[in-house]
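Heads up: the sequence shown begins at 1 in full-length UniProt numbering, then just goes up one per residue.
Here is the structure we will look at, set down as structure tokens.
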Amino acid sequence: MMCGGLTMYSPLVRNGAAPGKKVGIIGLGGLGHFGVLFAKALGCEVYVFSHSARKQQDALKMGADHFIVSEDKENMTRLRGTLDLIISTVDVVDTFPLVDYLKHQTSCDFCFRFALQWVQIGGSAIGSKKEAIEMLELAAKANVKPWIEIFPMSKLKEATESMKAGNARYRFVLQQDIA
């Protein structure tokens, strides 16, 4: 939670995520799942965007209000100009024309493409100590729990291969089992 959770929590609070706000999360992986959990805990209406419907049921179980397959042009069109904040967790800039889906004077944050180089476009690589404390307090209050899979350290190779294959649901945790 102290890395991926904070990476998503920080842009949410910095951009005013609160009840009544519509937040789009692009990508439902290790980071995106934290975005859904924390946006819901902050009282937002949450839209998850993905390239396929494969993770739709997971997104809804996490609390997402809407799941949109980005290839579904009809649903994409009706969302134009409706979101208060979009946070992209995918390392792809050209997913769809993001600015078209934001309301006037709102924000779009990239957790990968620009943030890793600390280019200021509204990127979030991680948060501050103050935000970490606030995030943990919110997680305790709202019962936010990451979706994790535990692997023994002796199976690090299998965990790495599974992650590279895109099979993580949604964070891997290594547990010490090597003497």
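Backbone N, C-alpha and C fix where the C-beta goes; we use that ideal spot for every residue, glycine too.
- For C44, same chain residues with a beta-carbon under 6 angstroms away, outside a window of 5 residues either side, are A17, K21, V23 in chain order.
- Excluding the 5 residues flanking it on each side, P152 has same chain C-beta neighbours closer than 6 angstroms at Q175, D177, in chain order.
- Rounded to whole angstroms, E149 and K155 show a C-alpha spacing of 12 angstroms.
- DSSP places H66 outside any alpha helix (DSSP H); the residue lies instead in the beta strand (DSSP E), whose first and last residues are 66–69.
- In the structure shown, the three-state DSSP call for Q57 is helix.
- Comparing C-alpha distances from K157 to each of L79, F172, S88 shows the shortest one belongs to F172.
- If you check the CB distance, S88 and G27 come in under 8 angstroms.
- With a beta-carbon spacing of about 6 angstroms, V36 and G63 fall inside the 8 angstroms limit used to define contacts.
- Residue environment analysis places T82 among the exposed positions, since fewer than 16 neighbouring C-beta atoms fall within 10 angstroms of its C-beta.
- K145 sits in coil when the DSSP states are folded into three classes, being neither helix nor strand.
- Apart from the 5 residues on each side of it in sequence, A41 sits with its Cβ closer than 7 angstroms to the Cβ of L138, A142, V144 in its chain, given in chain order.
- At a Cβ-Cβ threshold of 8 angstroms, I126 and T7 count as neighbours.
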